[in-house]
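A.B. asks:
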Amino acid sequence: MTPTDPAATTGDTVLEVEDLTVQFPTDEGLVEAVRGVSYELRRGEVLGIVGESGSGKSVTSLAVMGLLPKTARVSGSVRFNGTELLESGDKELSRVRGRGISMVFQDPMTSLNPVYTIGDQIAETILVHNDITKQAARKQAVELLETVHIPNPEQRAKAYPHELSGGMRQRVVIAIAMANQPDVIIADEPTTALDVTVQAQILEALRTAQKETGAAMILITHDLGVIAGQADRVMVMYAGKPVEKGTADEVFYTPRMPYTLGLLGSLPRLDIKTDRLTPIAGSPPSVINMPPGCPFSPRCPLAEDICDQEEPPLEPGSNPEHLAACHFSYRVEGHEPTDLFRPVADDPLPAGATEGEVRE
Amino acid sequence: MPDNINSDVAPVPTKPSGPEKRTRVEREFTVAERSQAQLVIRRFLQHKLAVGSLVVLVLIVLLAFVGGWLWKYDVSELTGDHSQPPSWDHPFGTDAIGHDSFAQVLRGTQISIGIAVLVALFATIVGTIWGAVAGFYRGWVDTILMRIADLVLTLPLLAVAAVLAHNTQGAWWLIAIVIAGLYWAYVSRVARGVVLSLREKEFIEAARALGATDSRIIFRHLVPNALGSVIVNATILVAIAILIETSLSFLGFGVQPPDTSLGLLVSQNQTAVSTRPWLFYFPGLFIILIALTINFIGDGLRDAFDPQQTKVRA
Amino acid sequence: MTETALDVESTTSRTPVLSARDIVKHFPVHGGGILRRRIGDVHAVCGVSFDLYPNETLGLVGESGCGKSTTARVVLNLQPATAGEVSFEGQNLNTLGRKEMRRLRRSMQIVFQDPYASLDPRIPVNEIVAEPLRIHGLYENGGKERVRELLATVGLRPEHGNRFPHEFSGGQRQRIGVARALALEPKVLVLDEPVSALDVSIQAGVLNLLQDLQSELGLSYLFVSHDLSVVRHVADRIAVMYLGRIVELAPAEELFERPAHPYTQALISAIPVPDPRKERTRQRIVITGDVPSPANPPSGCRFRTRCPKFANELSEGERKLCIDEVPELVDRGQGHPSACHYAETAQLL
Numbered sequence: 004m005t006p007t008d009p010a011a012t013t014g015d016t017v018l019e020v021e022d023l024t025v026q027f028p029t030d031e032g033l034v035e036a037v038r039g040v041s042y043e044l045r046r047g048e049v050l051g052i053v054g055e056s057g058s059g060k061s062v063t064s065l066a067v068m069g070l071l072p073k074t075a076r077v078s079g080s081v082r083f084n085g086t087e088l089l090e091s092g093d094k095e096l097s098r099v100r101g102r103g104i105s106m107v108f109q110d111p112m113t114s115l116n117p118v119y120t121i122g123d124q125i126a127e128t129i130l131v132h133n134d135i136t137k138q139a140a141r142k143q144a145v146e147l148l149e150t151v152h153i154p155n156p157e158q159r160a161k162a163y164p165h166e167l168s169g170g171m172r173q174r175v176v177i178a179i180a181m182a183n184q185p186d187v188i189i190a191d192e193p194t195t196a197l198d199v200t201v202q203a204q205i206l207e208a209l210r211t212a213q214k215e216t217g218a219a220m221i222l223i224t225h226d227l228g229v230i231a232g233q234a235d236r237v238m239v240m241y242a243g244k245p246v247e248k249g250t251a252d253e254v255f256y257t258p259r260m261p262y263t264l265g266l267l268g269s270l271p272r273l274d275i276k277t278d279r280l281t282p283i284a285g286s287p288p289s290v291i292n293m294p295p296g297c298p299f300s301p302r303c304p305l306a307e308d309i310c311d312q313e314e315p316p317l318e319p320g321s322n323p324e325h326l327a328a329c330h331f332s333y334r335v336e337g338h339e340p341t342d343l344f345r346p347v348a349d350d351p352l353p354a355g356a357t358e359g360e361v362r363e
Numbered sequence: 071m072p073d074n075i076n077s078d079v080a081p082v083p084t085k086p087s088g089p090e091k092r093t094r095v096e097r098e099f100t101v102a103e104r105s106q107a108q109l110v111i112r113r114f115l116q117h118k119l120a121v122g123s124l125v126v127l128v129l130i131v132l133l134a135f136v137g138g139w140l141w142k143y144d145v146s147e148l149t150g151d152h153s154q155p156p157s158w159d160h161p162f163g164t165d166a167i168g169h170d171s172f173a174q175v176l177r178g179t180q181i182s183i184g185i186a187v188l189v190a191l192f193a194t195i196v197g198t199i200w201g202a203v204a205g206f207y208r209g210w211v212d213t214i215l216m217r218i219a220d221l222v223l224t225l226p227l228l229a230v231a232a233v234l235a236h237n238t239q240g241a242w243w244l245i246a247i248v249i250a251g252l253y254w255a256y257v258s259r260v261a262r263g264v265v266l267s268l269r270e271k272e273f274i275e276a277a278r279a280l281g282a283t284d285s286r287i288i289f290r291h292l293v294p295n296a297l298g299s300v301i302v303n304a305t306i307l308v309a310i311a312i313l314i315e316t317s318l319s320f321l322g323f324g325v326q327p328p329d330t331s332l333g334l335l336v337s338q339n340q341t342a343v344s345t346r347p348w349l350f351y352f353p354g355l356f357i358i359l360i361a362l363t364i365n366f367i368g369d370g371l372r373d374a375f376d377p378q379q380t381k382v383r384a
Numbered sequence: 043m044t045e046t047a048l049d050v051e052s053t054t055s056r057t058p059v060l061s062a063r064d065i066v067k068h069f070p071v072h073g074g075g076i077l078r079r080r081i082g083d084v085h086a087v088c089g090v091s092f093d094l095y096p097n098e099t100l101g102l103v104g105e106s107g108c109g110k111s112t113t114a115r116v117v118l119n120l121q122p123a124t125a126g127e128v129s130f131e132g133q134n135l136n137t138l139g140r141k142e143m144r145r146l147r148r149s150m151q152i153v154f155q156d157p158y159a160s161l162d163p164r165i166p167v168n169e170i171v172a173e174p175l176r177i178h179g180l181y182e183n184g185g186k187e188r189v190r191e192l193l194a195t196v197g198l199r200p201e202h203g204n205r206f207p208h209e210f211s212g213g214q215r216q217r218i219g220v221a222r223a224l225a226l227e228p229k230v231l232v233l234d235e236p237v238s239a240l241d242v243s244i245q246a247g248v249l250n251l252l253q254d255l256q257s258e259l260g261l262s263y264l265f266v267s268h269d270l271s272v273v274r275h276v277a278d279r280i281a282v283m284y285l286g287r288i289v290e291l292a293p294a295e296e297l298f299e300r301p302a303h304p305y306t307q308a309l310i311s312a313i314p315v316p317d318p319r320k321e322r323t324r325q326r327i328v329i330t331g332d333v334p335s336p337a338n339p340p341s342g343c344r345f346r347t348r349c350p351k352f353a354n355e356l357s358e359g360e361r362k363l364c365i366d367e368v369p370e371l372v373d374r375g376q377g378h379p380s381a382c383h384y385a386e387t388a389q390l391l
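Those sequence lines, one after another, are chains G, U and Z. In terms of the working numbering, the first sequence opens at residue 4 and continues consecutively. In terms of the working numbering, the second sequence opens at residue 71 and continues consecutively. In terms of the working numbering, the third sequence opens at residue 43 and continues consecutively.
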């Protein structure tokens with residue numbers, strides 16, 4: 004573990020991200036994938052990051068891990084146990100990756116090496132950061148496989164990745180992620196490629212991994228259901244920025260941002276019979292050459308002129324822990340999705356569109 | 071890993087609407103209207119080497135076809151200047167009996183390019199349809215068609231071309247057909263590969279669900295979508311054809327005097343390399359220039375058609 | 043297969059618009075080497091039967107590899123069935139010639155999952171929607187107007203018809219796919235995961251559109267999806283599939299209130315709901331392992347290898363039945379048919 008001055012870390016915060024921005028220069032213009040993300044991750048908690056494609060939720064965690072391509076322009080601050088990661092060299096970062104922070108990706112095949120047995124791969128991870136014998140590492144590897152509920156771990160350790168099912172592979176990745184008792188596990192859409200019955204197993208394995216290691220977890224997903232069941236605190240992202248932050252209960256039961264409310268209203272529910280969904284009109288914006296103002300305003304039923312001029316900051320209301328980025332968050336509080344959004348079927352391309360342009 | 075990033079960055083390059091008078095709703099994000107072809111052209115234009123090559127090639131073609139027509143000397147004209155080195159009057163010099171080498175090179179370029187284009191056209195059309203049909207129907211149709219193509223591929227190209235071309239009396243278009251007759255099989259393999267992957271796409275299934283006939287699916291959906299790879303391939307084929315024609319003419323099986331081609335010129339003047347080098351090097355230079363520029367253009371086209379091109383660039 | 047099961051459904055005495063009886067679809071598995079001998083079969087669909095009634099939505103749900111998409115394609119005769127019979131308004135599809143089949147396609151259309159792959163990228167949207175009309179020789183008769191009308195129907199601006207698919211967002215493309223499917227005024231629409239590729243905020247609009255179209259045009263939907271929440275929202279009746287077989291078939295509300303098959307129960311309890319308090323207190327039936335390979339399915343009941351009831355509740359003697367005998371899809375006193383020898387309703391929500 005990185006030796007740090009305990010006084011430097013505020014309380015129990017393991018990971019502190021401040022005003023993180025990520026930009027990619029492209030032929031089409033500047034892609035502002037992340038536009039100022041700040042959060043604190045406390046020891047042992049699960050932070051859920053939810054957002055649609057293009058919201059920057061994955062890029063945020065890649066930036067934290069220092070895994071973005073060289074073309075990316077990253078600014079802001081990422082402090083892990085008090086150490087600034089964005090200024091650290093490759094050597095330093097490698098030590099943090101795997102040992103301090105580990106990651107679980109959507110596709111387990113990308114993180115597993117097809118030519119080594121899974122037992123060897125887990126043992127390898129342990130050996131890199133620990134001074135123990137190969138034998139001991141292998142033994143630990145089998146134990147880890149057992150922890151993530153892989154049947155016959157002894158035998159499975161000798162299997163190659165392609166001999167396992169998708170769910171099994173993801174468990175192996177989780178085993179690798181917890182191998183060095185990290186402080187933070189970042190799980191990026193860990194169950195998106197899996198069937199629901201397998202998803203339930205994997206979420207349980209993740210929970211076990213998190214409990215066993217005492218790590219804090221960042222769970223990135225587009226699935227509000229998964230977030231509801233797993234996360235202690237939730238951050239909703241839209242167009243590269245957090246637009247709402249709070250405990251799971253606060254965000255789900257008393258959202259203060261129209262986007263969050265709209266998402267909840269557009270979700271068909273398993274537990275309740277809904278007659279009509281309330282979609283959010285339009286599509287998420289492109290993050291290339293963003294205009295000023297609130298990125299949600301073109302789709303927002305509450306938008307007024309100010310929304311196009313000023314991007315609202317992420318601010319608390321009556322509850323200091325529950326933040327939202329909306330000029331009119333007081334008008335959202337306590338409302339049902341149907342109060343704000345219309346249950347229409349159209350995808351109305353906004354009126355007054357100049358000819359020769361399609362609304363995206 | 072790059073996948074992860076790309077998936078989170080908007081897939082379609084978009085531009086905001088005009089920055090001036092934006093009303094509330096108008097702030098939505100828009101895409102300028104661009105057809106697939108326009109996108110391809112745009113990407114091609116970003117490939118500097120390919121664009122430069124295209125300019126050079128166009129200049130060569132103009133020079134050969136327009137310049138050859140305007141030039142004061144005719145190919146077969148005997149100018150009375152013997153074995154002159156390059157000068158203002160004879161930019162590429164003259165040969166021993168007084169032919170103007172510039173006129174000859176221009177004529178040779180005309181013939182060589184004519185053969186190459188004809189080969190590319192013929193081989194591409196036959197090969198594409200052949201491969202598309204094989205790839206679309208699969209099964210025994212595929213087996214029969216592709217075994218025939220394989221058979222053609224096993225023929226030693228130069229030997230067959232030499233034997234056949236012997237009977238062509240040097241007519242350039244017959245030579246082109248002989249070369250194409252051997253090269254369409256390559257194209258058919260490429261086309262089949264592309265069609266095999268395309269036919270699994272949902273829009274092909276959609277067409278079938280709508281009740282489209284096989285020929286409609288092939289000609290309306292498969293062939294146009296395979297066109298990108300086919301065009302790239304055709305460019306390369308032009309370069310190959312130029313070189314094949316050169317080889318044949320060099321060996322004496324190609325274009326026959328009094329007509330001429332770049333290959334024939336090189337062949338006729340190989341003995342003059344040390345004494346009158348201009349006779350050998352100018353046609354040689356043209357062969358290299360044409361083959362090289364076409365290859366670069368092919369590279370540029372391949373990049374332009376490649377959908378992966380939306381990747382983030384520094 | 044089970045006449046009894048179907049009788050229960052047809053008590054309403056309506057005539058089905060589409061019927062499937064004992065559909066079987068096997069895909070050959072070839073070995074390596076030059077001869078590529080057939081070494082086995084993937085049993086994608088094994089004896090699936092259902093009826094689709096006018097103006098109804100039948101949901102077909104299951105996890106990947108359960109054969110739901112294959113069933114949809116066999117029903118449309120896009121893939122020939124290995125065995126079984128599909129009939130549309132009493133007409134047996136298996137006996138139709140190519141020409142007749144092509145004509146019948148006007149009545150049965152499909153919307154695909156991937157709005158990016160299902161539209162030909164080289165053809166402008168107007169032409170994509172016009173294509174069915176052209177194929178069936180209907181374009182000459184005011185086809186242009188009809189295309190504009192269709193685009194408006196699905197909530198798009200007709201003026202944008204001369205654009206190419208890549209210029210539209212995922213949700214808009216899916217609407218284009220719907221417009222194309224509607225062009226021939228079909229009676230049955232097979233929807234193959236129509237919203238799973240779309241972002242949540244966009245899904246809702248497409249689902250609402252599909253609902254509106256159904257009530258306006260009197261369409262029948264075969265709605266194929268892996269997402270039980272979406273299916274609950276749209277379907278009147280739901281068939282749950284597992285490894286090529288229907289394991290339970292019930293009216294939507296009944297399926298969620300009184301699921302009888304252990305697999306359905308596991309499926310319902312595995313799906314997270316966007317409600318933190320409910321999630322925390324929910325009783326979960328977590329099933330172990332993965333779906334077995336359809337190339338070598340278990341004998342008897344195909345779910346038994348993962349079945350919590352089989353593993354925890356049944357005695358050795360009772361298990362024998364699960365291993366030896368394929369459970370039929372019949373009502374065993376739960377009010378709707380299910381394919382479990384020991385079916386028992388549970389309350390999960």
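For glycine and all other residues, C-beta sits at the position ideal for the given N, C-alpha and C. Values in this document were obtained by computation on a predicted structure and should not be read as measured data.
Do you know offhand how far Val131(U)'s Cα is from Val121(U)'s?
C.D. replies: Taking the straight line from one Cα to the other gives about 15 Å.
A.B. asks: Consult DSSP for Leu50(G) and reduce its assignment to one of helix, strand or coil.
C.D. replies: In this structure, Leu50(G) counts as strand in the three-state DSSP scheme.
A.B. asks: Taking 8 Å as the threshold (C-beta atoms), are Val289(Z) and Ala380(Z) in contact?
C.D. replies: The sequence given here has Ser at residue 380(Z), not Ala. Taking 8 Å as the Cβ cut-off, Ser380(Z) and Val289(Z) qualify as a contacting pair.
A.B. asks: Return the chain-ordered list of same chain residues with a C-beta closer than 7 Å to the C-beta of Phe298(Z), the five sequence neighbours on each side being excluded.
C.D. replies: Arg274, Ile310, Leu391, listed in sequence order.
A.B. asks: Closest by CA to Ser335(Z), which one among Val328(Z), Gly82(Z), Arg148(Z), Ala292(Z)?
C.D. replies: The option with the nearest alpha carbon to Ser335(Z) is Gly82(Z).
A.B. asks: Skipping 5 residues on each side, what residues in its chain have a beta carbon closer than 6 Å to that of Arg97(U)?
C.D. replies: Here Arg97(U) scores only 36 on pLDDT, less than 50, and its place in the model should not be relied on; the value that follows carries that caveat. No residues qualify anywhere along the chain.
A.B. asks: Residues of chain U with CB closer than 8 Å to the CB of Phe154(Z), please, in chain order.
C.D. replies: In chain order: Glu272, Glu275, Ala276.
A.B. asks: Tell me, please, whether the CB atom of Pro294(U) is closer than 8 Å to any CB atom in chain Z?
C.D. replies: It does; some Cβ of chain Z falls within 8 Å.
A.B. asks: Taking the alpha-carbon positions, what's the Arg345(G) to Leu270(G) distance?
C.D. replies: Their Cα atoms are separated by approximately 14 Å.
A.B. asks: Pull up the distance between the alpha-carbon of Asp64(Z) and that of Glu105(Z), whole angstroms please.
C.D. replies: Between Asp64(Z) and Glu105(Z), the C-alpha separation is close to 21 Å.
A.B. asks: Kindly identify the DSSP beta-bridge partner or partners of Cys88(Z).
C.D. replies: DSSP, once it has assigned bridges, lists Val66(Z) as partnering Cys88(Z).
A.B. asks: Start and end of the beta strand (DSSP E) containing Gln26(G)?
C.D. replies: Segment 16-29, the beta strand (DSSP E) holding Gln26(G).
A.B. asks: Between Val50(Z) and chain G, is any beta-carbon pair separated by less than 8 Å?
C.D. replies: Below a pLDDT of 50, predicted positions are generally treated as unreliable, and Val50(Z), at 45, falls in that range; the measurement from the model is reported next regardless. Not closer than 8 Å to any Cβ of chain G, the Cβ of Val50(Z) fails to qualify, so no.
A.B. asks: Considering only their Cβ atoms, is the gap separating Ile357(U) from Leu332(U) smaller than 8 Å?
C.D. replies: Yes, they are a contact pair.
A.B. asks: Following the continuous alpha helix (DSSP H) through Phe356(U), name the residue where it begins and the one where it ends.
C.D. replies: Taken as a continuous stretch (DSSP letters only), the alpha helix (DSSP H) holding Phe356(U) covers 347-375.
A.B. asks: Mind checking which residues open and close the beta strand (DSSP E) that includes Tyr95(Z)?
C.D. replies: Where Tyr95(Z) is concerned, there is no enclosing beta strand (DSSP E), given that its DSSP letter is neither H nor E.
A.B. asks: Please confirm if Ala172(Z) has its CB atom under 8 Å from at least one CB of chain U.
C.D. replies: Output row for Ala172(Z): interface = no.
A.B. asks: Helix or strand or just coil, what does DSSP make of Tyr253(U)?
C.D. replies: Residue state, collapsed to three classes: helix.
A.B. asks: Alpha carbon to alpha carbon, what distance is there between Tyr119(G) and Leu190(U)?
C.D. replies: Leu is not the amino acid found at residue 190(U); the sequence shown has Ala there. Between Ala190(U) and Tyr119(G), the C-alpha separation is close to 48 Å.
A.B. asks: Taking only the alpha-carbon atoms, compute the straight-line gap between Val145(G) and Val328(Z) and give it to the nearest angstrom.
C.D. replies: Cα to Cα, Val145(G) sits roughly 23 Å from Val328(Z).
A.B. asks: Would you report the Cα separation of Glu321(Z) and Asn116(G), rounded to the nearest angstrom?
C.D. replies: One C-alpha to the other measures close to 36 Å.
A.B. asks: Among Ser317(U), Val257(U), Pro328(U), which has the Cα closest to the Cα of Val293(U)?
C.D. replies: Out of Ser317(U), Val257(U), Pro328(U), Val257(U) has the C-alpha closest to the C-alpha of Val293(U).
A.B. asks: Helix, strand or coil for Ser2(G)? Go by DSSP, reduced to three states.
C.D. replies: Nothing can be reported for residue 2(G), as the shown portion of chain G is limited to 4 through 363.
A.B. asks: Consult DSSP for Glu98(U) and reduce its assignment to one of helix, strand or coil.
C.D. replies: At Glu98(U), the pLDDT of 36 sits below 50, so the modelled position is not reliable; the number obtained from the coordinates is stated separately. The answer is coil: DSSP assigns Glu98(U) none of H, G, I, E or B.
A.B. asks: Below 7 Å CB to CB, which residues in the same chain sit around Pro157(Z) once its five sequence neighbours on both sides are set aside?
C.D. replies: For Pro157(Z), where only same-chain residues beyond five positions count, the Cβ hits under 7 Å are Gly212, Arg215, Gln216, Gly219, Ala239.
A.B. asks: Give me the residue from Leu285(Z), Pro350(Z), His202(Z), Ser262(Z) with the minimum Cα distance to Ala308(Z).
C.D. replies: It is Pro350(Z) whose Cα lies nearest to the Cα of Ala308(Z).
A.B. asks: Check the Cβ of Arg286(U) against every Cβ in chain Z and list those closer than 8 Å, keeping chain order.
C.D. replies: What Arg286(U) touches in chain Z: Ile177.
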